[in-house]
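Visitor: First to last, the sequence lines map onto chains A and B. FYI, the UniProt record's numbering numbers position 228 of the first sequence as 228, with every residue one higher than the one before it. FYI, the UniProt record's numbering numbers position 213 of the second sequence as 213, with every residue one higher than the one before it. Beta carbons are placed, not taken as given, at the ideal position from N, Cα and C, and that holds for glycine. For reference, the structure I am asking about is given below.
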Amino acid sequence: MGFLTSLSSVIFDRLSNLLIEKGLEIKLIVSCLIARGHVLLEGVPGVAKTSMAKSVAKLFSLNFRRVQMTPDLLPLDIVGYYVYDQRTGEFRFKQGPIFTNILLVDEINRASPRTQSALLEAMQERQVTIEGSTFKLEEPFLVIATQNPIEMEGVFPLPEAQLDRFLAKVETGYLSSNGFKEMLKRIDEIERGVEELKPVMSREDLLTLMNRVKEVRVDDSIYDYVVNIVEETRKHPAVKLGGSPRAGIAMLRLAKAWALIEGRDYVIPDDVKAVATAALTHRLILKPEYEVEGVTSTQVINDVLSKVPVPKP
Amino acid sequence: MKTRLKIVALSLATLLLLNLLNLAVTQAQEVPRHTPGFPESSLEGLTPFLSEWQKILNMLSNATLSDVLSNASAKEELQNYVKELEAENKLTLEEREALKATLSGDVSVDELMKNIRNEDLRNVLNELLNMSKEGLLKSEDLMKYLSMVAKMREEGYISISDYISALNIMKTLTRDEGVLTAIDSELLKSMINLLASAGSTPEFTALPSIPSGSPSLSLKTPEVGSTSRYLEGFKIPSISVAFPSLSPLALQDVLQYVVLAIVLIVVFSLGFLFIRRFREPIARAFSKAVLSRGEVGLEGLPEPIKYYWSSVKAVETYTKIRKLDNVTHREYLSRVSQSLGDLVEEFKKVTQAYELVRFGGSVSDEVVKEAKESYVMLVRRL
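What follows is the structure, encoded as structure tokens:
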């Protein structure tokens with residue numbers, strides 16, 4: 001792989017006209033996909049969350065399904081259930097929407113804790129067990145769960161332990177004025193473009209790429225860098241609960257995937273920096289007094305990154 | 001360099017002179033200090049004669065003036081000492097009169113009253129005299145007045161000469177033994193204190209005028225309440241305003257400081273000259289140590305890494321943009337790209353080679369060669 005030729009540049013070429021100002025989010029979602037993780041996408045309604053998920057699915061020739069979570073949704077509605085077939089006189093398994101490559105779980109915090117738990121277990125195990133039968137989920141399997149940061153009524157916020165199962169939390173927001181104007185001008189073209197998006201690689205190529213993640217070279221100093229960052233989050237005055245070892249693992253896996261889509265087979269400190277916020281932000285618990293003051297996890301991570309020295313020489 | 005040395009020496013000398021002038025002005029402004037209730041002088045610094053007297057007085061706490069004056073030789077000694085002080089002009093007119101009246105004991109009340117400067121004290125004493133004339137003055141009343149006058153003295157409201165005169169007047173108003181003893185005792189203590197303070201006064205109490213080209217130039221103590229102080233004859237602020245001192249120093253202390261300052265000036269000047277000879281070698285050794293500090297961790301590392309860090313040093317110097325510890329190589333490249341102009345391409349190649357070798361683990365000859373070429377080009381053009 002050359003220094004500049006990369007998967008990300010190819011993706012950008014395809015998406016630059018369709019998803020305005022969403023390059024970073026797309027890259028993080030693709031990194032999660034390649035690193036075999038799942039994404040928690042946080043943003044207010046109407047900021048192209050579904051379009052992003054759909055675009056990623058099309059870019060890699062993957063199946064895509066969407067589930068709108070509601071409080072009365074049952075686990076069976078997600079994973080599937082057995083139905084009695086009167087013709088054959090047998091019970092037949094009817095797959096739920098989880099049997100896909102990319103599953104967009106809209107407003108995950110609206111589902112009951114029981115349903116959330118069932119979904120998160122499936123995400124972790126990459127398989128579902130119903131009536132004693134286990135069904136493997138097809139690779140690649142990526143859950144993009146969205147949640148609205150504003151609405152707090154009638155929702156069941158995800159517990160910290162379940163948040164930890166998401167490899168990355170990607171925050172997406174409104175477009176800039178120019179981006180918004182550009183989007184309005186070309187809205188019909190964008191909608192059509194997303195539907196007609198051509199893949200950048202086949203599912204098989206994607207699987208090959210995913211297998212290459214573990215071959216990405218990580219220098220010893222990069223491990224130190226990751227360790228230092230995670231440990232520094234624990235020492236930060238605003239943090240009640242800092243990064244866990246799983247946070248470090250997530251950061252490293254994301255960094256490796258990030259390096260790969262950047263066209264490199266080795267990780268550099270820039271990769272770690274690029275994914276640090278996405279890997280850590282949902283894993284830090286801030287002290288209430290700092291939260292009241294408006295301190296956010298993103299600010300804490302930026303503060304930590306500005307303190308921790310990069311590998312030298 | 002010689003000129004610079006002269007300027008330094010001149011500056012130090014000027015500062016020293018200004019400080020001395022400041023001390024002189026402060027001493028000129030110094031007023032006699034006395035804490036009420038304490039004798040105006042201590043045994044230390046008194047003449048041998050008074051030291052002896054004060055010791056005796058301390059031992060005989062109940063001694064009175066009459067006891068002393070009844071001894072002819074003691075009286076004569078005291079009179080002689082007063083004469084000496086008079087001859088040396090160490091007594092004011094009031095003090096002289098007060099002491100004479102005390103020692104002779106035959107001065108009239110009117111004369112004593114004239115000698116008193118404090119108007120309030122005069123009123124008090126007139127009141128006493130009126131009471132005495134009318135026969136209304138009792139011993140107890142006189143004791144109360146005595147206490148009141150003693151308190152006035154303690155608080156510094158009346159001078160010691162006024163106090164002695166007042167005691168002499170009171171002495172004429174009673175025949176009560178107890179009151180007379182109390183007055184006599186006070187008289188003796190006050191007289192000894194007065195003689196002690198007069199005897200221990202320095203030879204000069206005010207700073208003599210400084211002889212100069214301007215006859216009007218003198219270090220005059222400013223009036224109380226004046227907001228600014230000027231040397232008379234010149235419209236420049238006196239040094240005491242610019243350099244307030246904490247406490248006045250005696251001349252011998254000043255001389256100590258002068259000597260110390262001169263020694264310091266000489267030592268610093270010689271030290272400066274000595275260091276000058278070795279300045280160049282020291283600077284060379286220091287810069288070598290500083291430069292080599294950044295290379296300590298580079299020993300044994302592949303060439304592209306060395307080229308990169310040398311390039312970073314050169315770029316830092318050229319662009320004045322420092323590579324901070326938390327800044328990655330790519331971030332630094334991005335930060336300096338505008339400042340480097342067309343040199344950015346060379347630095348970019350060095351950075352790429354560094355990244356490839358440092359994190360990619362690749363040390364191919366091609367990478368090393370390319371990095372070297374870019375490095376040489378970059379350093380040459382910088």
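1. Who are the Cβ neighbours of residue 85 of chain A in its own chain at under 8 angstroms, not counting the five residues just before and after it?
2. For residue 83 of chain B versus residue 198 of chain B, is the C-beta distance shorter than 8 angstroms?
3. Please identify, using Cβ separations under 9 angstroms, the residues of the region 296-309 of chain B that lie next to chain A, in order along the chain.
4. At a Cβ threshold of 8 angstroms, is residue 355 of chain B touching chain C?
5. I'd like to check one pair, residue 240 of chain A with residue 337 of chain A: are the Cβ atoms closer than 8 angstroms?
6. Of the residues that make up the region 321-346 of chain B, which ones have a beta carbon closer than 9 angstroms to any beta carbon in chain A?
7. In the DSSP output, what is residue 315 of chain A paired with across the bridge?
8. Could you tell me whether the region 143-160 of chain B touches the region 71-83 of chain B, using the rule of 3 or more Cβ pairs below 8 angstroms?
9. Since residue 361 of chain B meets chain A, which of its residues come closer than 9 angstroms, beta carbon to beta carbon?
10. Nearest to residue 196 of chain A by alpha carbon, out of A:30, A:117, A:59, A:7?
11. Using a Cβ-Cβ distance under 8 angstroms, would residue 8 of chain A count as near chain B?
12. In angstroms, rounded to a whole number, what distance separates the CA positions of residue 382 of chain B and residue 314 of chain B?
13. Using the Cα positions of residue 98 of chain B and residue 177 of chain B, report the straight-line distance between them to the nearest angstrom.
14. Please say whether residue 9 of chain A and residue 257 of chain A have beta carbons closer to each other than 8 angstroms?
15. Give a yes or no on whether 8 angstroms exceeds the smallest Cβ distance from residue 306 of chain A to chain B.
16. Would you identify the three-state DSSP class for residue 86 of chain A, choosing helix, strand or coil?
17. So that I know if they touch, is there some Cβ in chain B lying closer than 8 angstroms to that of residue 273 of chain A?
18. Have a look at residue 107 of chain B and residue 19 of chain B and give me their C-alpha separation to the nearest angstrom.
19. Less than 7 angstroms separating the Cβ of residue 160 of chain A from some heavy atom of the ligand MN?
20. Is there at least one Cβ from chain B nearer than 8 angstroms to residue 301 of chain A's Cβ?
21. Suppose you measure from the CA of residue 225 of chain A to the CA of residue 164 of chain A; what does that come to, to the nearest Å?
22. State the Cα-Cα distance for the pair residue 170 of chain B and residue 66 of chain B, rounded to the nearest angstrom.
23. Spell out whether any CB of chain B is found under 8 angstroms from the CB atom of residue 270 of chain A.
24. Apply the 10 Å Cβ neighbour rule to residue 24 of chain A and answer buried if 16 or more other Cβ atoms are within range, or exposed otherwise.
25. Quick one: is residue 2 of chain A near chain B, going by C-beta distance under 8 angstroms?
26. Closest Cβ-Cβ distance between residue 226 of chain A and chain B: below 8 angstroms?
27. Rank B:306, B:374, B:356, B:180 by C-alpha distance to the C-alpha of residue 219 of chain A and give the top, closest one.
28. Are residue 160 of chain B and residue 193 of chain B close, meaning C-beta to C-beta below 8 angstroms?
29. Considering only their Cβ atoms, is the gap separating residue 105 of chain A from residue 143 of chain A smaller than 8 angstroms?
30. For residue 332 of chain B, does the count of other Cβ atoms within 10 angstroms reach 16, so buried, or fall short, so exposed?
31. Mind pulling the chain B residues with CB within less than 9 angstroms of residue 194 of chain A?
32. Can you tell me which residues form a DSSP beta bridge with residue 147 of chain A?
33. Measure from the C-beta of residue 375 of chain B to each C-beta in chain A and report whether the shortest distance is under 8 angstroms.
34. Is there a C-beta anywhere in chain B that falls below 8 angstroms from the one on residue 310 of chain A?
35. Taking just the CA atoms, how far does residue 211 of chain A sit from residue 155 of chain A?
36. Hey, residue 213 of chain A and residue 34 of chain A: beta-carbon distance below 8 angstroms or not?
Guide: Reading off the structure:
1. So the qualifying residues of the chain are 91, 92.
2. It is not a contact, given that the beta carbons lie outside the stated cut-off.
3. 297, 298, 301, 305, 306, 308, 309
4. Going by chain labels, chain C is absent from the structure shown, which instead holds the protein chains A and B.
5. What is shown of chain A runs 1 to 313, which leaves residue 337 of chain A out entirely.
6. 324, 325, 326, 327, 328, 329, 330, 331
7. Since the first and last residues shown for chain A are 1 and 313, residue 315 of chain A lies out of range.
8. In short, these stretches do not touch, since the Cβ pair count stays below three.
9. 217, 219, 266
10. Comparing alpha carbon positions, the residue from A:30, A:117, A:59, A:7 closest to residue 196 of chain A is A:59.
11. So, not an interface residue.
12. Residue 382 of chain B and residue 314 of chain B have their C-alpha atoms roughly 7 angstroms apart.
13. 23 angstroms
14. Not a contact, by the Cβ cut-off of 8 angstroms.
15. Residue 306 of chain A has a beta carbon lying within less than 8 angstroms of a beta carbon in chain B.
16. coil
17. yes
18. 51 angstroms
19. Here there are no bound small molecules, and the ligand MN is not part of this structure.
20. no
21. Separation of residue 225 of chain A and residue 164 of chain A (C-alpha to C-alpha, rounded to the nearest whole angstrom) is 21 angstroms.
22. 15 angstroms
23. Yes, contact with chain B.
24. exposed
25. The pLDDT assigned to residue 2 of chain A is 43, lower than 50, so where the model puts this residue is not dependable; a value taken from the coordinates is nonetheless given after this. So, not an interface residue.
26. no
27. B:356
28. Yes, the pair counts as a contact, with Cβ atoms nearer than the cut-off.
29. yes
30. buried
31. Chain B residues near residue 194 of chain A: none, gap ~32 angstroms exceeds 9 angstroms.
32. A:42
33. no
34. yes
35. 37 angstroms
36. yes
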